[in-house]
Ligand code: ADP
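Numbering (the numbering used here), first residue to last: 34 to 764.
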């Protein structure tokens with residue numbers, strides 16, 4: 034019997050040694066009464082431990098309930114066994130996964146225990162957990178990617194499909210996995226994909242675009258990629274990745290439109306094979322045919338010979354050699370022979386410190402550039418003007434910050450441009466705060482109306498004529514130095530004032546003089562008349578008592594009195610001119626002459642004088658005075674004649690614009706030009722009264738009348754050749 038028991042025990046040991054990782058024997062209270070560990074690394078608990086362990090203390094709290102329930106069940110029916118997987122503490126205190134079979138052998142007198150055979154499944158369990166985790170990870174990622182992802186095996190059976198894929202085909206995962214691609218797509222769609230499928234199964238990755246229309250009519254752009262799944266030279270299947278590129282595509286279309294609108298084209302230069310690529314727009318810009326094949330050399334040759342070409346060469350060189358990007362505005366001569374401004378941009382891509390690719394864009398900026406150049410030119414011209422004008426000019430923004438300050442401003446305000454630009458005007462001209470200019474500038478800016486005014490700068494002792502022009506950006510101010518004008522204005526004013534005083538005094542003394550002449554000539558007449566009348570009485574009463582000499586003396590005295598009377602009368606006339614105002618009226622000069630001829634009839638007849646006049650005008654003037662002028666001049670023409678010569682007198686008129694010009698030409702004795710001035714002065718005579726009678730007042734009176742009628746008088750003559758007197762009368 035003992036032998037049998039020993040044999041049984043050996044068998045039992047063998048069994049458990051080969052089948053399990055370890056064994057516990059539990060008593061009814063689930064305390065471990067025996068333990069046997071078969072693998073050291075398992076080390077569930079130390080074999081040597083004397084401490085009594087309970088299954089309850091070793092089991093993971095989360096699994097304890099399950100294990101106790103199972104044990105409680107087992108304990109009810111002897112011979113029963115049951116298995117479960119749970120976590121148990123090992124010798125380091127960590128929990129490890131065990132698969133354990135509990136067998137109730139309490140009734141077996143040889144065992145009298147609950148036998149726990151357990152296997153260490155920690156590794157498997159963790160591996161499984163990791164796999165599940167990584168599967169979940171992949172699924173989570175793929176489900177949330179904005180792409181349709183699937184895996185098809187070489188028989189075109191779906192092995193994997195992410196959530197977007199399932200949603201796209203409106204199919205549940207269960208139905209999708211295992212479906213054949215032909216079945217999924219249908220024959221028509223499958224045929225469209227056939228070539229790509231064949232290629233990918235040959236190991237060639239595929240990339241193609243498809244356009245779909247949504248039921249709403251919206252266009253949907255997709256990009257599909259088939260990536261072969263290759264293991265040891267065998268294609269096991271392929272990954273299908275479908276992206277919704279609608280947004281990108283729309284942007285691309287928009288970009289195309291925009292580049293077209295912006296007249297922009299792209300270029301690319303691959304250094305490996307020296308190949309150059311131009312987009313269609315780039316070709317349009319260069320005005321070449323669509324099939325034009327550019328090279329780097331032909332590309333450079335398009336640039337304007339000289340500065341532009343040299344610059345692009347240098348830029349390309351440093352782009353390729355050092356990766357220095359560029360952005361230049363240059364001129365090209367297009368294929369059709371047009372000069373054009375383009376903006377050329379260059380960038381590069383370096384691989385292993387060597388430029389592999391250069392690329393960039395061309396933009397047709399001809400119109401903008403030309404207007405930019407013109408604006409710049411206009412600005413420069415304006416600048417030159419503003420700089421060269423003698424006036425000071427400055428500009429401020431709406432916050433009084435100085436943005437422009439020309440050269441003259443520097444001189445006017447003794448402030449250099451550098452120290453004022455960007456600074457507040459009232460900081461610079463702090464003394465002017467509150468001045469007239471200060472107020473006017475503020476008013477101009479507030480009312481948006483230009484202001485023109487004059488201001489005196491005490492500090493510089495200068496007068497300025499100032500114009501302040503408001504605009505949306507601020508205020509432009511011009512200052513013209515008018516100090517000289519202002520001073521001469523002031524001088525002129527004081528001169529005028531003193532002139533007025535003088536002319537008033539002159540007028541007064543003139544008036545007094547005229548008054549005197551009038552009174553004197555008037556009062557002199559009376560005693561003169563007495564002399565003449567008493568002389569006549571003397572001659573009448575005592576004439577017979579006087580000898581011839583005495584009679585001659587009386588004759589002289591009477592004659593002298595007569596002449597004096599004439600002089601006094603002439604003086605009286607002279608003093609009257611200009612004092613009596615006569616209204617202008619229509620004066621027919623022909624009638625005037627005719628009247629005068631009547632007056633001089635006796636003389637004319639005696640001398641057999643010839644008076645010629647025709648086409649004389651009707652003028653608007655003072656009749657009596659005009660008549661006096663003609664009478665004096667014709668009278669002189671008749672008087673100053675050689676004896677025995679037939680006087681010939683011509684009166685003519687000429688319209689000379691604002692005046693009438695009259696001429697009285699005679700064939701008389703003439704006048705030496707040296708006396709031309711003298712004869713117009715009162716009492717100036719060239720002859721004594723025995724030769725030619727007269728008072729020497731006639732021409733002075735005539736001159737005074739002509740001048741009072743707004744005209745002038747002068748004479749052309751030479752001795753013995755006759756004279757022509759000219760005078761003008763304003764119309
Ligand atoms: P009066 O005739 O009374 O001497 P006037 O003032 O008329 O004074 O003339 C001044 C002088 O001008 C005259 O004395 C005369 O010598 C000269 N004179 C004027 N008219 C003529 C003329 N038509 N021809 C020559 N001499 C003239």
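Heads up, the beta-carbon is just placed ideally off N, CA and C, and yes, glycines get one too.
Practice problem: Count the other C-beta atoms from every protein chain shown that fall within 10 angstroms of the C-beta of residue 568, then say buried if there are 16 or more, exposed otherwise. | Solution: buried
Quiz item: Rounded to a whole number of angstroms, what is the C-alpha to C-alpha distance between residue 272 and residue 315?
Solution: 38 Å
Exercise. Report yes or no: do three or more beta-carbon pairs, one from the stretch 587-601 and one from the stretch 628-639, lie closer than 8 Å?
Key: no
Practice problem: Please name the residue, chosen from 138, 134, 142 and 162, that lies closest to residue 149 on a Cα-to-Cα basis. | Solution: 134
Quiz prompt | C-alpha gap between residue 499 and residue 470, whole angstroms | solution = 8 Å
Quiz prompt | Own chain, CB closer than 6 Å to residue 685, minus 5 neighbours either side, in chain order | solution = 696
Practice problem: Mark residue 288 as exposed unless 16 or more other C-beta atoms lie within 10 angstroms of its C-beta, in which case mark it buried. | Solution: exposed
Quiz item: Cβ of residue 439 within 7 Å of Cβ of residue 414?
Solution: No.
Practice problem: Drop a sphere of 10 angstroms on the beta-carbon of residue 669, count the other beta-carbons inside from all chains shown, and report buried for 16 or more, exposed for fewer. | Solution: buried
Quiz item: For residue 723, which option in 749, 759, 672 and 707 has the closest C-alpha, if you only look at C-alpha atoms?
Solution: 672
Quiz item: Mind pulling the beta strand (DSSP E) runs of 3 or more residues that sit fully within the stretch 504-571?
Solution: If we require 3 residues or more, the beta strand (DSSP E) runs fully inside the stretch 504-571 come out as 507-514.
Quiz item: To the nearest angstrom, how far is it from the Cα of residue 109 to the Cα of residue 171?
Solution: Spanning the alpha carbons of residue 109 and residue 171 requires a straight line of approximately 47 Å.
Exercise. Tell me whether the beta-carbon of residue 761 lies closer than 7 Å to the beta-carbon of residue 698.
Key: no
Quiz prompt | Close-in-space but distant-in-sequence residues of the same chain around residue 191 (CB under 8 Å, 5 per side omitted) | solution = 183, 184, 185, 209, 210, 211, 212, 213, 214 and 217
Quiz prompt | residue 246 burial status per 10 Å Cβ neighbour count (16 or more: buried) | solution = Under this definition residue 246 is an exposed residue.
Quiz item: Mind checking if residue 699 is an interface residue toward chain B, Cβ cutoff 7 Å exclusive?
Solution: Looking at the structure shown, chain B is missing, and only one protein chain is on hand.
Quiz item: Can you list, in chain order, the residues of its chain whose CB lies under 8 Å from that of residue 178, leaving out five sequence neighbours each side?
Solution: Annotation for residue 178: 195 and 197 place their beta carbon closer than 8 Å to its own, counting only its chain and skipping 5 residues before and after.
Quiz prompt | CA-to-CA distance, residue 94 to residue 129, given in whole angstroms | solution = 13 Å
Quiz item: Just to confirm, does residue 720 get its C-beta within under 6 Å of one of the non-hydrogen atoms of ligand 1?
Solution: yes
Quiz item: Is residue 728 near ligand 2, in the sense that its beta carbon is under 6 Å from a heavy atom of that ligand?
Solution: Among the ligands present in this structure, namely ligand 1, ligand 2 is not found.
Exercise. Examine the Cβ distances between the stretch 495-514 and the stretch 478-487 and report whether three or more of them are shorter than 8 Å.
Key: Three or more beta-carbon pairs separated by less than 8 Å link the stretch 495-514 to the stretch 478-487, which places the two stretches in contact.
Quiz item: By a C-beta neighbour count over all protein chains shown, 10 Å radius and 16 as the cutoff for buried, is residue 474 buried or exposed?
Solution: buried
Exercise. Hey, could you find the ends of the beta strand (DSSP E) residue 118 is sitting in?
Key: 114-122
Quiz prompt | Where residue 695 sits in the DSSP three-state scheme | solution = When secondary structure is reduced to three states using DSSP, residue 695 falls in the strand class.
Quiz item: Would a C-beta distance cut-off of 7 Å place residue 88 and residue 131 closer than the cut-off?
Solution: Not closer than 7 Å, so no.
Quiz item: Roughly how many angstroms lie between the CA atoms of residue 773 and residue 66, to the nearest whole one?
Solution: The chain is shown only over 34 to 764; residue 773 falls outside these bounds and no answer can be derived.
Exercise. From the DSSP output, in three-state form, read off residue 465 for me.
Key: If DSSP states are grouped into helix, strand and coil, residue 465 belongs with the helices.
Exercise. Using the Cα positions of residue 428 and residue 402, report the straight-line distance between them to the nearest angstrom.
Key: 27 Å
Quiz prompt | Near ligand 1: residue 732 beta-carbon under 6 Å from a heavy atom | solution = For ligand 1, at least one heavy atom lies less than 6 Å from the Cβ of residue 732.
Quiz item: Helix, strand or coil: how does DSSP classify residue 6 here?
Solution: Only positions 34 to 764 of the chain appear in the structure, and residue 6 is not among them; the question remains open.
Quiz prompt | Rounded C-alpha distance that separates residue 360 from residue 379 | solution = Each residue's alpha carbon lies about 7 Å from the other.
Self-check item: When 447, 112 and 659 are compared against residue 145, the one with the closest alpha-carbon
Solution: 112
Practice problem: Just grab the DSSP bridge partners of residue 152 for me. | Solution: According to DSSP, which records beta bridges pairwise, residue 152 is partnered with 132.
Practice problem: Report yes if the C-beta distance between residue 302 and residue 391 is below 7 Å; otherwise report no. | Solution: yes
Quiz item: Counting along the chain, where does the alpha helix (DSSP H) carrying residue 659 start and finish?
Solution: 656-672
Practice problem: Report the option in 324, 764 and 366 whose CA atom is closest to the CA atom of residue 333. | Solution: It is 366.
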